[in-house]
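Here's the structure, in structure tokens; my notes come after.
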Amino acid sequence: MRVRVDPNKCQGHTLCNRVAPELFRLREEDGHSEVITAEVPKGLEEKARKAMRGCPEEAIFVEEENGN
Ligand code: F3S
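Those letters in the sequence shown? Residues 0 to 67, per numbering that gives the first Met the number 0, in order.
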């Protein structure tokens, strides 16, 4: 599974970081989110989906991989 943040959509709501600090960090300059690791480590898939659903700007995209 892969995850990414669209930097043009993110408005720094911070929910992604609160839901999954293992996957998202907030940049010091502007508080916007970036992924720590684009490849979601095993066991964090549900957190990635939860962050995607929770982002008010719909700035998070999760790519499910078939067969996994
Ligand atoms: Fe940005 Fe959405 Fe997270 S607006 S800081 S990606 S909750």
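Every residue gets a Cβ at the ideal spot worked out from N, C-alpha and C, and that includes glycine.
> Quick one, are the C-beta atoms of G62 and L43 less than 8 Å apart?
Replying inline: Per the sequence presented here, residue 62 reads as Glu, with Gly not at that position. It is not a contact, given that the beta carbons lie outside the stated cut-off.
> Does the distance from the C-beta atom of P55 to that of H31 stay below 8 Å?
Replying inline: no
>> So if DSSP puts E38 in a beta bridge, which residue, or which two residues, is it bridged to?
In response: R1
>> Taking only three categories from DSSP, how would you classify E44?
In response: helix
> Between E28, R48, E33, E38, which lies nearest to K8 when the distance is taken from Cα to Cα?
Replying inline: E33
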